[in-house]
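Enquirer: First the structure, which I've put down as structure tokens, then a few questions once you've had a look.
2 protein chains.
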Amino acid sequence: MNEVAAYVHGYHPRENERLQDQAGTLADLLHAGTHYAAGRRVLEAGCGVGAQTVTLAVRSPGAQFTAVDVSAASLAQAEAAVMAAGLSNVQFRHADIFALLFAPQSFDDVFVCFVLEHLARPAEALAALRALLKPGGTMTVIEGDHGSAYFHPESPAARAAIACQVELQRRAGGDAMIGRMVYPLMVQAGLQDVSVSPCLVYVDGSRPALIEGFTRRTFTAMVAGVRDAAIAAGLSDADAFDLGIRDLHRTAAADGVFCYTFFKGTGKKRRG
Amino acid sequence: MNEVAAYVHGYHPRENERLQDQAGTLADLLHAGTHYAAGRRVLEAGCGVGAQTVTLAVRSPGAQFTAVDVSAASLAQAEAAVMAAGLSNVQFRHADIFALLFAPQSFDDVFVCFVLEHLARPAEALAALRALLKPGGTMTVIEGDHGSAYFHPESPAARAAIACQVELQRRAGGDAMIGRMVYPLMVQAGLQDVSVSPCLVYVDGSRPALIEGFTRRTFTAMVAGVRDAAIAAGLSDADAFDLGIRDLHRTAAADGVFCYTFFKGTGKKRRG
Numbered sequence: 001m002n003e004v005a006a007y008v009h010g011y012h013p014r015e016n017e018r019l020q021d022q023a024g025t026l027a028d029l030l031h032a033g034t035h036y037a038a039g040r041r042v043l044e045a046g047c048g049v050g051a052q053t054v055t056l057a058v059r060s061p062g063a064q065f066t067a068v069d070v071s072a073a074s075l076a077q078a079e080a081a082v083m084a085a086g087l088s089n090v091q092f093r094h095a096d097i098f099a100l101l102f103a104p105q106s107f108d109d110v111f112v113c114f115v116l117e118h119l120a121r122p123a124e125a126l127a128a129l130r131a132l133l134k135p136g137g138t139m140t141v142i143e144g145d146h147g148s149a150y151f152h153p154e155s156p157a158a159r160a161a162i163a164c165q166v167e168l169q170r171r172a173g174g175d176a177m178i179g180r181m182v183y184p185l186m187v188q189a190g191l192q193d194v195s196v197s198p199c200l201v202y203v204d205g206s207r208p209a210l211i212e213g214f215t216r217r218t219f220t221a222m223v224a225g226v227r228d229a230a231i232a233a234g235l236s237d238a239d240a241f242d243l244g245i246r247d248l249h250r251t252a253a254a255d256g257v258f259c260y261t262f263f264k265g266t267g268k269k270r271r272g
Numbered sequence: 273m274n275e276v277a278a279y280v281h282g283y284h285p286r287e288n289e290r291l292q293d294q295a296g297t298l299a300d301l302l303h304a305g306t307h308y309a310a311g312r313r314v315l316e317a318g319c320g321v322g323a324q325t326v327t328l329a330v331r332s333p334g335a336q337f338t339a340v341d342v343s344a345a346s347l348a349q350a351e352a353a354v355m356a357a358g359l360s361n362v363q364f365r366h367a368d369i370f371a372l373l374f375a376p377q378s379f380d381d382v383f384v385c386f387v388l389e390h391l392a393r394p395a396e397a398l399a400a401l402r403a404l405l406k407p408g409g410t411m412t413v414i415e416g417d418h419g420s421a422y423f424h425p426e427s428p429a430a431r432a433a434i435a436c437q438v439e440l441q442r443r444a445g446g447d448a449m450i451g452r453m454v455y456p457l458m459v460q461a462g463l464q465d466v467s468v469s470p471c472l473v474y475v476d477g478s479r480p481a482l483i484e485g486f487t488r489r490t491f492t493a494m495v496a497g498v499r500d501a502a503i504a505a506g507l508s509d510a511d512a513f514d515l516g517i518r519d520l521h522r523t524a525a526a527d528g529v530f531c532y533t534f535f536k537g538t539g540k541k542r543r544g
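Chains as they are written, first to last, in my numbering: chain A, 1 to 272; chain B, 273 to 544.
Shown next, in the form of structure tokens:
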């Protein structure tokens, strides 16, 4: 499978900016509780443009990170972002998540964020990553779930625009509603002591930073990003799609509300 | 409006047992942060069978509660529950929430839980309750939102069964998806410093108490409770409805996941 071609969000500069915005707004939420001690060797599988990589490396300055991605172009951007942040504890490798050339038990920890949603065989990917863990090592998995998105005012047009993104991702072999499956997937992959924490992003008129940083610049921007692909695929026409985006922006008004949930799972590889 | 006849959940003994189960499982979640100091006069508007009343009175033993409900039969059960718990800090009054016979500014605090969802004019109800608050008094509002329910495995039949409950509640003048609107409703009712906390109930195979207490005995039991009404209203046939209930129980398996969110809002009446 050519995973580069199948990546639903695309590789445009504006999209990369969105991913960096998203990481900034969500860093505290998604990375809370994730810290790797000095000397740990940590694999970030599917680092993309480095949106999480910088946060990981800043929060755990003594750990040694290896960040891999299937896209050489993304990897170059991730490396630039890490350099711009003045970090020296990350090395980069160009590789497919299903064909990683590391020896078994090479890593103390594995971190996977917003990656399984794009894979046709997520449980197999986790099992392959588990093989790279030392006994007792930890795995952290973070995914969103578009089925967790709801808002006020309710809007069929907004739901239809979101459904375009879900369908495009499905056609590319992924699953935009995978967040709720993090627990069973990690258990299926043979991890022990699996524990999942949902992170609900709740945005109302009293939270202007989240209105701008999440409702508008993260979620609505992400859906808007598939406009041309959705129209080209015959999933929507321009007017209907634009109405949906307008209604998503409407939820960012003072009397609007927006909810979305990320799921963060942690588990361990059995010792011995 | 005859609100007794319109109450979607009905008044059967099994339903009352479900409401008590629900309150037990959810008490810590819903009542966290809610405590009334000794001497406060607190109105619980719409106490029903007393599912929240007992928790309120136990957690704030020095406060004086007045619990009102439109149903005399429910009120009698609430009174029995409070007596059975050995509590003496609650008095009961039979009244419609839109025609409360208290003087303005009679209470230090108002508590409203799972009530607005059944009212055709929720903002007006909050405004009427606000009038009963002393300046500086607090209002606490708790509501669920059936649009926040999602699960694994996904099931169109389960969604259809849930939609029956939502539609019956709508026909009765209510809104089963009102949770997300707690913030704008409280602001619209003229409350100040409104702050809403979502309480996400996340249930997976590692949480057996919630599987039993929430997925099965609270949510699925609630949807199952409208079976006859949904069939009588022509919203479903028996086989389709029962398939939906079966699929909701399926989400309670070891590899299943269930999510639901309650919204808890607090606000104040402006001083002077």
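Glycine included, every Cβ here is placed at the ideal spot set by N, Cα and C.
The structure displayed is predicted, hence computed values, not measured ones.
In whole angstroms, what is the alpha-carbon distance linking G409 (chain B) and Y183 (chain A)?
Expert: 43 Å
Enquirer: Quick one: list the residues of chain A neighbouring L477 (chain B), beta-carbon separation under 8 Å, in chain order.
Expert: For the sequence presented, residue 477 (chain B) should be read as Gly rather than Leu. Chain A residues near G477 (chain B): Y183, P184, V187.
Enquirer: Going by other Cβ atoms of all chains shown within 10 Å of its Cβ, with 16 needed for buried, is G506 (chain B) buried or exposed?
Expert: Counting of Cβ neighbours within 10 angstroms places G506 (chain B) among the exposed residues, the total staying below 16.
Enquirer: Below 7 Å CB to CB, which residues in the same chain sit around R365 (chain B) once its five sequence neighbours on both sides are set aside?
Expert: T338, V340
Enquirer: Select from A:A99, A:T140, A:A232, A:R180 the residue whose C-alpha is nearest the C-alpha of V194 (chain A).
Expert: A:T140
Enquirer: What separation, rounded to the nearest whole angstrom, lies between the Cα atoms of A232 (chain A) and A176 (chain A)?
Expert: 20 Å
Enquirer: Out of A:A37, A:Y202, A:D255, A:H31, state which residue places its alpha-carbon closest to the alpha-carbon of D108 (chain A).
Expert: A:A37
Enquirer: What residue range is occupied by the uninterrupted beta strand (DSSP E) comprising L405 (chain B)?
Expert: 405-424
Enquirer: Helix, strand or coil: how does DSSP classify C436 (chain B) here?
Expert: helix
Enquirer: Does N274 (chain B) get closer than 8 Å to chain A when you measure Cβ to Cβ?
Expert: At N274 (chain B) the pLDDT is 36, less than 50, meaning the model places this residue with poor confidence and gives no usable figure here.
Enquirer: Using a 10 Å radius around the Cβ and a threshold of 16 neighbouring Cβ atoms, would you call A277 (chain B) buried or exposed?
Expert: Note on A277 (chain B): pLDDT 40, under 50, position unreliable in the model; the coordinate value appears next. Classification of A277 (chain B): exposed, given that the 10 Å Cβ count is below 16.
Enquirer: What residues in its chain sit with their C-beta under 8 Å from that of C319 (chain B), if we drop five residues either side in the sequence?
Expert: T325, A339, V340, D341, S346, L347, A350, F364
Enquirer: Grab the span of the alpha helix (DSSP H) containing A512 (chain B) for me, first residue to last.
Expert: 510-522
Enquirer: So who's on the other strand from D109 (chain A), going by DSSP bridges?
Expert: A:V42, A:T138
Enquirer: Note down the Cα distance separating H521 (chain B) from D509 (chain B), rounded to an integer number of angstroms.
Expert: Going from the Cα of H521 (chain B) to the Cα of D509 (chain B) covers about 19 Å.
Enquirer: Could you give the distance in angstroms between the alpha-carbon of L394 (chain B) and the alpha-carbon of V49 (chain A)?
Expert: In the sequence as displayed, the identity of residue 394 (chain B) is Pro instead of Leu. Spanning the two alpha carbons is a distance of roughly 47 Å.
Enquirer: State yes or no: is the beta carbon of S155 (chain A) nearer than 8 Å to at least one beta carbon in chain B?
Expert: By this cut-off, S155 (chain A) is not an interface position.
Enquirer: Take the Cβ of Q377 (chain B) as the centre, count every other Cβ of all protein chains shown within 10 Å, and call the residue buried at 16 or more, exposed below.
Expert: exposed
Enquirer: With a threshold of 8 Å between beta carbons, is T261 (chain A) in contact with chain B?
Expert: Interface residue (Cβ-Cβ distance to chain B less than 8 Å): T261 (chain A) is classified as such.
Enquirer: Grouping DSSP H, G and I as helix and E and B as strand, with all else coil, what is H366 (chain B)?
Expert: Looking at H366 (chain B) - three-state DSSP - the assignment turns out to be strand.
Enquirer: Any beta-carbon of chain B closer than 8 Å to the one on V196 (chain A)?
Expert: yes
Enquirer: Quick check on DSSP: helix, strand or coil for S469 (chain B)?
Expert: strand
Enquirer: Decide if A392 (chain B) is buried, meaning its Cβ has at least 16 other Cβ atoms within 10 Å, or exposed.
Expert: exposed
Enquirer: What separation, rounded to the nearest whole angstrom, lies between the Cα atoms of C164 (chain A) and T327 (chain B)?
Expert: 45 Å
Enquirer: With V340 (chain B) as the anchor, note down where its beta strand (DSSP E) starts and where it stops.
Expert: 336-341
Enquirer: List the residues of chain B that H152 (chain A) touches, going by C-beta distances under 8 Å, in chain order.
Expert: R452, M453, P456
Enquirer: Short of 7 Å in beta carbon distance, which residues of its chain neighbour R254 (chain A), apart from the five on each side in sequence? Order them along the chain.
Expert: Note that residue 254 (chain A) is Ala in the sequence shown, not Arg. G205.
Enquirer: Could you run through the region 232-247 of chain A and flag, in chain order, every residue whose CB is less than 9 Å away from some CB of chain B?
Expert: For chain B, none of the residues of the region 232-247 of chain A brings a beta carbon within less than 9 Å of one of its beta carbons.
Enquirer: Within the continuous alpha helix (DSSP H) that includes T53 (chain A), where are the two ends?
Expert: 53-59
Enquirer: Is H424 (chain B) closer than 8 Å to G528 (chain B) when the C-beta atoms are compared?
Expert: Yes, the Cβ-Cβ distance between G528 (chain B) and H424 (chain B) is below 8 Å.
Enquirer: The alpha helix (DSSP H) with V459 (chain B) in it runs from where to where?
Expert: 454-460
Enquirer: Are the C-beta of D255 (chain A) and some C-beta of chain E separated by less than 8 Å?
Expert: Annotation note: the requested chain E is absent from the structure, which comprises protein chains A and B.
Enquirer: By DSSP, does T487 (chain B) sit in helix, in strand, or in coil?
Expert: helix
Enquirer: According to the Cβ coordinates, are L43 (chain A) and L116 (chain A) closer than 8 Å?
Expert: no
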